[in-house]
Amino acid sequence: MKKVLITALCASVTFLNAAVVATVNGKDITDSEIDKKLERVLAGKSISSLPAEQKRAIIQQYIAQYLILDDARKQNLEKDKLYTENLELAKEDILLGVYQQKMADKVKIDNSKVKALYDKNKAQFVEPAQVKARHILVKSDAEAKEIISELGSLKGSALTQKFEELARSKSIDPGSASRGGDLGWFGQQDMVKPFSDAAFSLKNGTFTRTPVKTQYGFHVILKEDSKARKQLTLSDASVKNFIENQLKIQEVQQLMNKKAMELFQGAKVEIK
Numbered sequence: 171m172k173k174v175l176i177t178a179l180c181a182s183v184t185f186l187n188a189a190v191v192a193t194v195n196g197k198d199i200t201d202s203e204i205d206k207k208l209e210r211v212l213a214g215k216s217i218s219s220l221p222a223e224q225k226r227a228i229i230q231q232y233i234a235q236y237l238i239l240d241d242a243r244k245q246n247l248e249k250d251k252l253y254t255e256n257l258e259l260a261k262e263d264i265l266l267g268v269y270q271q272k273m274a275d276k277v278k279i280d281n282s283k284v285k286a287l288y289d290k291n292k293a294q295f296v297e298p299a300q301v302k303a304r305h306i307l308v309k310s311d312a313e314a315k316e317i318i319s320e321l322g323s324l325k326g327s328a329l330t331q332k333f334e335e336l337a338r339s340k341s342i343d344p345g346s347a348s349r350g351g352d353l354g355w356f357g358q359q360d361m362v363k364p365f366s367d368a369a370f371s372l373k374n375g376t377f378t379r380t381p382v383k384t385q386y387g388f389h390v391i392l393k394e395d396s397k398a399r400k401q402l403t404l405s406d407a408s409v410k411n412f413i414e415n416q417l418k419i420q421e422v423q424q425l426m427n428k429k430a431m432e433l434f435q436g437a438k439v440e441i442k
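The sequence shown begins at 171 in our numbering and counts up one residue at a time.
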């Protein structure tokens, strides 16, 4: 009785803490409801912690789904043969998934196995060299040269400020112009070769003194920062977790095969 009471109290607290984020046809939609229904989309985050624009987009997505499901129920599609058949298949998939998860919960991966797999595949656990840069894209070589001339011998914050101004006013790249040409961090393979070659060859805080031609036009590139190629180690939680998950998947598959064989041998099976 005490356990039931505590569970009920916990549920009440969760309900009281839930914030109403929308109302649809008189029904309140709470943040906790969306968190639960869109757990995969939110990747463990709460909708209340997201930026306003992203939060609004997810709420609209949820409402659209809610309205479609409501319309489906009004059409009595839950009684449709196609629905009931697929529901049974879904139940089997869920049951199998729970069975596998229960088995996985019992699997313990030894650290020596983790290290052995890491050592064998060390070359795969590498963070490639990256560059943080800005660019100004224009249609002609002459325009690019004019921009380079305007930048002149500027350095440091003065160079960055002027570069941002020119990017906003002259760049034809719709994706970065409004951000002052900011491209963020990128790897060698993330950009077309002429662009990457130019960006990676620059020293931090310098810009290309000649226009860089690509299929998109002519670029002036400012390299702001760089990161050298980094060998990831087992001290990186993401690496260790990835390897443990891979080993666990392998182990569970082996256990599932073994269990299936045991059940097969203990059952009366006649294949015709």
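For glycine and all other residues, C-beta sits at the position ideal for the given N, C-alpha and C. None of these values were measured; they are calculated from a predicted model.
Collapsing the DSSP output to three states places Lys373 in coil.
Comparing alpha-carbon positions, the option among Pro221, Val439, Arg399, Lys207 lying closest to Pro298 turns out to be Arg399.
Ala192 has Ile199 as its beta-bridge partners, per DSSP. Three or more Cβ pairs drawn from the stretch 402-418 and the stretch 275-284 lie within less than 8 Å of each other, which places the two stretches in contact. From the listed residues Ile204, Gly196, Asn195, the smallest Cα separation to Ala189 is found for Ile204. With respect to the 8 Å criterion, Ile199 and Ile228 are not classified as neighbours on the basis of their beta carbons.
Each residue's CA atom was taken as its position, placing Gln235 and Gln224 some 17 Å apart. Within a 10 Å sphere around the beta-carbon of Arg304 sit 16 or more other beta-carbons, which makes this residue buried. Just so you know, the alpha carbons of Lys249 and Leu425 end up roughly 38 Å apart.
When DSSP reads this structure, Arg304 sits in a beta bridge with Asp352, Leu392.
Under the 8 Å Cβ criterion, the stretch 384-399 counts as touching the stretch 329-347, having at least three qualifying pairs.
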